[in-house]
Every structure is written in C-alpha cells, then in structure tokens.
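Working notes for the structure below.
Protein chains in written order, with the working numbering: chain A, 157 to 698; chain B, 157 to 698.
Given below as structure tokens:
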C-alpha cells in the first residue's frame with residue numbers, strides 16, 4: 157500500500173522558486189572579473205535564470221543537452237546553475253585549471269552545445285574553440301560593451317546580449333527527479349577524465365544534508381563566502397543549500413588573494429566561508445602582519461586536503477573562528493563527512509578535541525561508509541584498523557558518464573581510492589590513497605605518515621614516499637626527498653631521524669635525493685611519474 | 157537522460173541503521189509509566205527494533221498491515237516507530253485522549269491487527285477491546301512481571317515477552333519509498349476522523365527539513381525533550397530527525413507536570429524541548445516561585461496553538477531560552493513553518509523582533525504556501541491581506557486514507573482551513589479558522605481578534621465570536637461571553653470597550669452572555685454547537 161502524500165519531484169527549479177518567493181530581497185553579492193562589486197537579490201537571480209531558460213528554449217536546445225561553463229564564482233554563473241538545470245538541460249562546469257587540450261577533450265566528450273566563459277579565459281577559448289566540434293554557441297560572461305570587436309571566435313556574444321531580450325516569465329518544466337542536472341569531470345592522475353552525472357534528486361537531497369547543523373549549518377541568518385569554486389563539484393553544493401535557506405551569497409570572483417578575501421568578508425558581513433587550505437593560508441598571511449580581526453566570520457569549512465593543525469589553532473584561538481574539516485569527492489556530489497563534534501565531546505580537553513578535529517569527520521545521514529581489507533572484509537571501527545574506504549548513498553555515483561571505466565561499484569559500494577580509519581564514534585580519518593599505500597609483509601604503511609616525518613626535518617623541502625618491490629616483503633618504502641636550498645642532510649641522518657617517530661618496520665629502507673618531485677595540474681604529487689623515473693632503482697642489499 | 161547516481165530508496169529503516177552505526181552509544185532516556193528512569197543507547201533501540209520486526213514476521217503480518225499504539229513518549233514506543241515501519245508495516249499512533257467510542261471506531265477503520273498500549277490505558281482497552289474486531293494481538297508495553305493475571309483481554313501479552321525471544325538480527329526489506337509508513341487520524345470537530353497516511357519518502361524528507369538550522373536545528377550536540385506526544389503526528393517528526401543526527405532523546409512518559417519536566421531537563425542536560433503552550437505554562441509555574449533556572453536548555457519550539465507573548469518574554473528574558481513558534485497540521489507531517497528570523501532582522505529592536513516572533517513563521521523549503529480570497533485568487537504577501545491558507549509539498553497529503561472525504565486538494569493545493577496573512581518576508585500569521593471568520597460586507601473579520609479584545613476585559617472569563625446572517629452585510633459578528641465568577645459587565649459596557657481597539661465596522665453588533673461555551677475533547681471551542689444553541693437568536697434592529 158502506498159502512502160497518500162503529494163507526489164512532487166525533487167527539482168532544482170523549486171530551489172530558485174522558493175528563494176524568490178520567500179527570500180526575494182535576500183542579497184547576492186559578487187566581486188566581478190571587472191573588479192567592481194555587483195549586488196542584487198534572489199528575486200533578480202530567479203528573474204534572470206528564467207531569461208537563461210528562455211534563451212536556451214530559443215536555441216532549440218533539447219532536454220538534457222549540455223551547457224558548459226568556464227567561470228569563476230559570480231552571479232552570472234549562479235543564474236546558469238538554475239536556468240540551465242531548471243529548464244531540463246545539463247550544466248557542465250569545466251575546471252579552467254586543466255590543460256587546454258584536456259578542456260577541449262572534455263567539451264567534446266560531454267558534447268557541450270553552449271559554452272559560457274569568463275573574460276579571464278578568452279585567450280584559452282581562442283586557443284581551443286576550433287577543436288570543440290559540438291559547441292554551437294560561445295557566450296562571454298560580460299556586459300555587452302565589454303566584448304572585444306574581433307576575438308576570432310565565430311558567433312561569440314555577450315551573456316547580457318544573449319539573455320537581454322528574453323522574457324523573464326517562464327514555467328519550469330516538471331520531469332523525473334532522476335533526470336540529469338549537472339556534470340563534473342574528475343581530474344584523475346591516470347587516463348582520461350571521467351564525469352559524474354548528477355541528478356535533480358541527488359542534488360536536492362545533498363542540499364538538504366549539506367544545510368544540516370552537523371554539516372555546513374546553513375540558515376537565513378548566514379552570509380556565505382564560497383571560495384571553493386563553482387567549477388569544482390558545484391562549490392560543494394553551496395549555491396543549492398543557499399537557495400534552499402535564503403542565505404546571503406558572497407562571490408569572490410577570481411580575486412582569491414588574502415587582501416581581497418578579507419575585505420569581502422568584512423564588507424559583506426560574511427559568517428561562513430568554505431574553501432581549501434591554501435586560500436586560508438593567504439588570508440591569514442594578510443591579516444597577521446596587519447593585526448586584522450574578523451567582525452562577523454564564525455566558521456570555515458575546509459576540504460580538498462587536510463588542514464594543518466597550526467591553521468586550525470590560529471583560526472580558533474587568534475580569531476575565534478571554528479574550523480571544520482570536510483571530506484568528499486566529485487563522485488559524492490561532493491560531501492561525505494564533516495568534522496563536527498558530538499554532545500559527549502564537549503567534556504574533552506582542548507587537546508583531545510583537537511585530535512578529533514584533525515580527522516575528516518563523521519558520516520552525513522544519507523551516506524554510509526565502511527573500511528575493508530584487501531579481501532574486501534569489513535574492518536572494525538576502532539580508530540586503528542586502516543582499510544580501503546567504501547561509500548554508498550543517494551548522492552554517490554553509480555557509474556560514470558557514458559559508462560567510462562565500466563561499473564566502479566563493488567557490491568553496491570563505491571571505492572573511494574582512499575585508505576582510512578574509522579573510530580568507534582564514526583570519525584573517519586584518511587591515512588593514504590589506496591594506490592600510494594605500501595603493502596609490506598601483509599601490513600600497510602601510510603605513505604603520508606612517512607612523508608610527514610621527512611617534512612618535519614629542517615632540511616627537507618618536499619618528500620614523496622613510494623613502495624619498491626621486495627622479494628620477501630612484497631614492498632618496502634623508500635622516501636624521495638627534495639632538499640631546501642642551501643640545506644644539507646645525508647641518507648643516514650634522515651633514516652636516523654625516523655627513529656622513535658614510527659614503528660621500526662615502517663622506517664623507509666632508503667632515501668633518494670631528487671631535484672624535484674613531479675606535480676600535476678592541481679598541485680598533487682604524481683607518484684606514477686616518480687615511479688617511472690626510478691624504474692632502474694634497486695633497494696640496498698638486493 | 158537520467159543522472160548516474162545510486163538508486164537508494166528513502167526508507168525509515170535507514171535512519172535506525174545510521175543511528176546504530178554512527179551514534180551507537182548515543183543515549184535514549186525515558187521516564188517510564190512505572191515512574192523510574194530507563195537509560196539505554198541508539199544501538200539498543202536498533203537491536204530491539206529488529207526484535208519487533210522479527211516478532212511481526214512471526215505473526216505473519218503482511219506488508220502495510222497496521223500496528224497501532226496507544227502510548228506515551230518512551231523507548232518502547234520509539235522501538236515500534238522503527239520496527240513497525242522499517243519492516244514494511246504501517247505504524248498507527250492513536251490519540252488516547254479521544255473518546256473510547258472514537259478509539260474503537262478508528263482501530264476498526266484502520267483495520268489494526270496489533271495494538272500496543274501503555275498500562276495507563278489498560279482500563280480504556282478493557283472497555284473497548286471487544287469492539288475492535290480486526291485486532292488479533294493485544295500487547296501491553298510493560299515488563300513481563302507487570303502484567304496483571306486477569307485483565308479480561310484475550311491473549312494479552314507483555315511487550316517484553318513478545319519481543320524477548322526474538323532474534324536481534326534482521327535484514328530490513330527494501331521497497332518503494334512511496335510505501336505507507338505510518339498513519340495518524342485528525343480529530344475534526346465535525347464528522348468522523350480522517351487519517352493522513354504518510355510514506356517513507358515523505359517521512360525522510362520531513363526529517364531532513366525538520367533538522368535544518370532554520371527549523372528545529374537538530375544536531376549530535378543536542379539532547380531533545382519531545383513533550384509533544386508521539387501519538388500526535390509523530391511528535392513533530394523528532395524521533396526521525398534525532399535518529400538522522402544522533403541526537404540524545406529524553407522522553408517524559410506521562411509525567412508532564414512542571415516539576416517532573418524541570419527535573420528531567422536538568423538531569424539529562426536537555427538543550428531543546430518541543431511542545432504546546434500549556435506544558436510550558438506548568439513548567440514556568442513550577443520554576444518561578446522556587447527561583448529555579450535552566451542550566452542547559454537553549455530553545456523551545458512551541459506549536460499547537462499560539463504562544464502568549466508574556467511566555468515568550470519570560471523564556472527569553474528570565475531564562476535565556478529562545479522560543480520559536482511553529483505551525484503545522486496532521487496533514488503536513490506536521491511542519492509547515494517555523495518562526496526563525498533572517499539575517500536582516502538582527503538589526504531590529506527587541507519590540508520589532510517580538511512582532512515577528514508572534515507570527516507562525518516562514519515556509520520550510522519543500523513546502524510552498526499561498527493565501528487566496530473567496531474566489532481562489534492569490535492575495536499579496538503584504539502582511540495585511542488575510543485569506544484562506546493553501547499549502548503543497550512532498551510531505552503534504554494528497555488524500556485521506558480510504559479516500560474519505562474525497563479529494564481535499566484545490567488545483568494541487570491543500571486548503572488548511574486556516575485564514576492567514578503572509579508578509580513580504582514570508583512570515584505567515586494565522587488570523588482565524590476559515591469556518592470561523594466573519595464575512596461582513598465583502599471584508600473579513602477575524603473571530604480571534606474579536607475574542608482577544610473581549611478576553612482583555614477584567615470581567616470576561618471566556619469569549620467566542622460567531623457570525624450571524626445579515627440581509628445587507630451577509631454576516632455580522634456577535635460575541636458570546638462567560639463572565640468571571642462574581643464579576644459584572646453589561647452589554648453596552650463591553651461594546652464600548654471595543655472602541656479604539658479595532659475598526660468601527662468590526663465591533664460586534666451584540667453581546668450574548670452565556671453560562672458556558674461548549675468545548676471539544678482537545679479543549680477547542682465548538683462553535684458549531686454554539687451556533688445550534690443560538691438558532692433562534694436575532695440581531696438587534698432586525
């Protein structure tokens with residue numbers, strides 16, 4: 157027997173309708189690419205999102221056709237979020253930091269029909285447009301009078317000219333909530349990028365979850381600065397959760413330097429900011445020498461990589477700002493865990509609380525997670541056993557766009573590629589990437605742990621730990637080290653430095669000094685490349 | 157094109173799984189009917205909910221079969237919430253305050269197969285059990301040794317004996333998320349009760365929404381005291397939102413007097429309590445003379461009826477507790493609005509904020525609302541225009557169980573039967589019940605406003621305003637008044653008392669002194685009965 161409740165599909169259009177009807181005068185503020193501040197309201201976003209929808213209808217774009225963006229965080233990007241998905245098309249946010257060849261490859265693979273870009277990226281588009289065979293309309297996200305006369309891009313128009321003549325009334329179509337709404341390619345370190353294809357349902361459920369007090373705690377009393385880019389997994393879903401709650405949005409545009417971000421936080425009364433550690437490092441670097449303080453900022457959510465403890469301390473103690481670790485992936489829409497404490501942790505000492513805050517956090521309801529050993533057997537949640545992290549839930553992918561790479565699931569669970577521990581309270585901590593972990597004598601050694609110890613040595617600028625084949629132990633760790641300019645340390649000194657800092661059997665067998673460690677486009681170490689460079693390397697004594 | 161996300165139905169079983177896996181040692185504390193305090197964890201709830209499921213399987217109860225409860229807020233009731241719905245059956249929570257005849261009628265209409273009751277209600281069950289023809293198992297929610305030898309109820313067993321021998325392992329079935337999960341009859345003032353039949357989907361979406369910061373703001377740092385009964389619209393969904401977040405639950409059982417509630421709040425570190433104004437009145441009545449304070453309570457959500465401003469003030473100013481108005485209905489699962497302020501309201505004076513706090517609040521995302529005039533035309537959200545309040549959303553009913561009363565919807569909207577205003581910021585305020593509003597010369601007069609003025613007169617104990625047919629104005633208001641014992645006031649004095657307190661045309665045409673105003677089982681005035689009593693009444697001058 158079915159319940160007798162109203163059937164209303166979970167659609168992204170309902171978010172912008174809600175924001176307009178109930179938070180019409182709520183502010184959306186953007187620092188534009190042009191440098192000035194743009195200020196309008198949720199009612200304006202809704203009105204212009206409907207113009208976007210009418211413009212797409214006018215182009216005869218079909219249901220699920222892809223509209224791409226190559227853009228910073230700003231109001232026009234926000235209008236596209238709602239206008240494109242709301243009208244049934246798929247918003248494809250492209251990461252402009254990728255190699256131009258890869259951008260063209262992605263646009264072709266996604267079969268993008270429209271591509272909207274910030275003027276920052278005009279040279280990039282000029283370089284790649286001829287290779288993007290499916291794009292039939294290029295749109296520059298700028299005022300009509302800012303468009304250069306001769307860009308060499310056929311048919312290029314400004315966004316304002318594109319939507320300017322459109323009606324601002326529109327009836328959002330109603331369709332299956334499982335319809336595709338948006339897509340995002342992952343920047344894998346090997347092979348071609350693969351795309352997560354989100355649905356309206358997954359997006360709305362994620363937005364509800366993200367707004368909860370134990371997650372990003374989004375309310376109508378917040379002014380949110382998403383420093384995390386809208387081209388990267390939908391800025392962690394903040395545009396959707398903000399519309400759902402009527403929160404004020406403050407967009408930084410391309411200006412992510414400490415001074416610009418600080419000024420925006422203060423001028424707009426930002427209460428909550430979200431981003432990666434490097435941005436906060438720049439922010440603190442600007443504030444500290446000038447003795448600046450925050451007057452409204454209450455909390456930051458930090459994801460992308462682990463936040464250094466010193467930064468958590470600085471935010472909390474020097475500035476009274478709560479720092480929350482988050483963990484997620486493109487394949488998870490992206491949020492999987494947030495590090496908020498439980499009632500019982502209030503009694504813990506500051507040191508013990510800090511130990512918890514350094515973890516990636518607890519599962520959000522909707523997501524379930526487990527850790528397994530190499531045979532796929534579930535490991536205990538004891539905070540010690542480390543295993544491959546698997547997740548499932550309604551905002552986790554089932555497969556990649558066009559089924560690239562086949563089915564990624566293992567018995568319905570998505571393998572994250574991370575190695576983690578989970579403690580009895582459900583706090584998860586990433587210890588390594590699966591492909592980087594060193595399997596030695598049936599035990600696992602975290603490459604990150606080994607690197608962190610080397611990095612603590614005053615002469616070491618960068619360290620990368622990799623496993624080398626060993627006839628008896630399967631693998632043994634070695635550490636590749638870049639020395640700081642003018643600093644000296646010998647192999648034996650560094651090996652000795654590990655004594656007492658980790659179990660004896662985890663100490664690397666060797667140190668290899670290198671001039672540089674190969675890095676990818678997003679700053680991650682490319683250990684595959686490093687292994688190629690060391691193909692002729694032999695472990696001492698073998 | 158569909159998105160490529162995991163398909164996972166939204167099922168109530170996933171809530172208790174989540175609470176067990178990620179908040180296993182989170183506490184659930186109950187004051188039992190027996191008077192003592194019972195204390196266990198979410199892992200225990202999960203374990204015993206699985207025993208309930210096994211017991212129901214053992215009885216060969218089919219999918220969607222109804223299991224009824226007649227019980228206070230307590231841990232066994234909580235286990236039934238998850239065990240019954242989780243295993244695919246429908247939990248039917250019966251309001252024990254209804255007339256016994258009505259309870260029997262409801263049990264038969266719902267075709268309840270199992271009925272679980274607290275020992276408080278043994279005499280009630282002894283009186284009605286023979287009339288409940290579909291019930292094949294009566295279960296007393298008590299320890300095995302508390303069951304009287306001879307109750308006269310055939311086959312009666314204790315809950316502990318019923319689940320005691322059951323295995324505590326169970327695989328929750330997976331089914332359509334639109335399946336019925338629970339039901340609740342409304343206590344209408346006319347006709348037979350009608351039931352809302354909730355689904356798993358509507359329950360989970362409501363639980364997400366209810367947990368949001370602008371709604372009940374439920375987190376793992378909360379200890380929640382739901383004084384609102386679990387037999388009344390699922391205690392506003394708190395059991396579900398608590399499992400979703402791992403919040404501590406504190407159940408008061410039948411002891412709702414000020415002393416018991418106060419002691420529980422202090423002993424268990426309650427941070428958030430939810431209930432109707434009368435319970436808080438008793439609580440403050442206990443605390444004030446003794447000079448008691450709260451040490452952990454942060455906020456209360458008050459619904460069911462409007463909270464007197466003096467009580468809001470007392471909670472805020474004397475006790476530092478935030479009071480939030482909520483509005484909802486059985487047909488809305490029940491939450492429709494919560495009165496949380498927006499960012500821009502922080503700047504308002506305390507008086508101006510209070511004006512907002514007295515309203516029923518803003519729409520929760522998921523619900524949409526509008527007000528319409530007698531022709532069904534939408535009225536402006538100006539805070540002045542009053543009209544019939546209509547709502548829609550995924551946790552609003554589409555129809556009643558067994559289609560009783562036909563289709564209640566008007567163009568997809570559910571008419572709430574309330575008359576309300578909505579201001580430009582979306583704050584809704586109930587001004588009357590539709591059937592009580594007086595339509596005079598094309599304008600509406602709120603019966604509540606007219607009653608409130610009379611009630612402010614020192615000689616008036618109770619007042620009920622009703623409309624009387626008028627050849628020119630359609631209707632004109634009169635006010636029926638019960639005088640305080642020993643107090644005196646004349647018709648003309650009371651009419652004069654309205655001068656300057658309301659618009660001239662809204663002043664009642666007459667005052668009728670009565671000995672008593674007929675009240676229903678839940679304490680609401682029965683204006684239909686009052687009208688019957690006044691069938692021969694004539695307006696002065698006609």
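The C-beta atom is built at its ideal place from N, Cα and C for all residues, glycine as well.
The structure presented is a predicted model; accordingly, all values stated were derived computationally and were not measured.
The three-state reading of DSSP puts residue 243 of chain A in coil, since its state is none of H, G, I, E or B. Against chain B, the CB of residue 377 of chain A has a partner CB under 8 angstroms away; the residue lies at that interface. Sequence-ordered contacts of the segment 443-469 of chain A with chain B are nonexistent [C-beta pairs closer than 9 angstroms]. Residues 515, 516, 576 and 577 of the same chain have their beta carbon placed closer than 7 angstroms to that of residue 585 of chain B, with the five preceding and five following residues left out of the count.
Among the CB atoms of chain B, none fall inside 8 angstroms of the CB of residue 598 of chain A. Inclusion of residue 293 of chain A and residue 311 of chain A in the CB contact set at 8 angstroms is warranted, their separation being smaller than that value. In this structure residue 230 of chain B is in contact with residue 186 of chain B, their Cβ atoms being roughly 4 angstroms apart against a cut-off of 8 angstroms. If you draw a straight line from the Cα of residue 213 of chain A to the Cα of residue 244 of chain A, it comes to about 10 angstroms. CA-to-CA, the gap between residue 442 of chain B and residue 420 of chain B works out to about 13 angstroms. Pairing residue 407 of chain A with residue 416 of chain B, the inter-Cα distance amounts to about 50 angstroms. Ranked by Cα distance from residue 544 of chain A, the first of A/355, A/157, A/278 and A/573 is A/573. When only Cα atoms are considered, residue 200 of chain B and residue 353 of chain B end up about 28 angstroms apart. Linking residue 364 of chain B to residue 395 of chain B through their CA atoms gives a straight-line distance of about 12 angstroms.
In the DSSP assignment, residue 401 of chain B falls within the alpha helix (DSSP H) that extends over 394-401. The beta carbon of residue 490 of chain B sits closer than 7 angstroms to the beta carbons of 389, 392 and 484 from its chain, once the five residues preceding and following it are set aside; these are given in chain order.
With a minimum length of 3 residues, the unbroken runs of beta strand (DSSP E) contained wholly in the segment 162-198 of chain A fall at 183-187 and 193-197. Under DSSP, residue 354 of chain B takes part in a beta bridge, and its partners are B/338. Annotation for residue 434 of chain B: the continuous alpha helix (DSSP H) segment containing it runs 433-446. Straight-line measurement puts the Cα of residue 632 of chain B at about 6 angstroms from the Cα of residue 626 of chain B. Under DSSP, residue 639 of chain A shares a beta bridge with A/616. Residue 227 of chain B is a Cβ neighbour of residue 274 of chain B, given a cutoff of 8 angstroms.
Of all C-beta pairs linking the segment 190-198 of chain B to the segment 357-374 of chain B, fewer than three are shorter than 8 angstroms, placing the two stretches out of contact. Taking the Cα positions, residue 525 of chain A is about 25 angstroms away from residue 234 of chain B. For the segment 533-594 of chain A, the full-length beta strand (DSSP E) segments reaching 3 residues or more read 543-548, 570-578 and 584-589 along the chain. Taking 8 angstroms as the CB threshold, residue 160 of chain B lines the interface with chain A.
Judged by DSSP in its simplified three-state form, residue 686 of chain A adopts helix. Taking a Cβ-Cβ cut-off of 8 angstroms, the neighbours of residue 336 of chain B in chain A comprise 157, 158, 159 and 160, given in sequence order. If the five residues before and after residue 375 of chain B are omitted, its C-beta is found closer than 6 angstroms to the C-beta atoms of 401, all from its own chain and listed in chain order.
For residue 224 of chain A, the enclosing beta strand (DSSP E) stretches over residues 222-226. Apart from the 5 residues on each side of it in sequence, residue 555 of chain A sits with its Cβ closer than 7 angstroms to the Cβ of 563 and 564 in its chain, given in chain order. Within the model, the alpha-carbon separation for residue 636 of chain B versus residue 253 of chain B is close to 27 angstroms.
The beta carbon of residue 183 of chain A sits closer than 7 angstroms to the beta carbons of 195, 197 and 404 from its chain, once the five residues preceding and following it are set aside; these are given in chain order. In this structure, DSSP gives residue 634 of chain A an extended state, which the three-state scheme calls strand.
In the structure shown, residue 235 of chain B adopts helical secondary structure according to DSSP, grouped into three states. Using a Cβ-Cβ cut-off of 8 angstroms, residue 274 of chain A does not count as an interface residue toward chain B, since no Cβ of chain B sits closer than that to its own. As computed with DSSP, residue 404 of chain B is found in a beta bridge with B/379.
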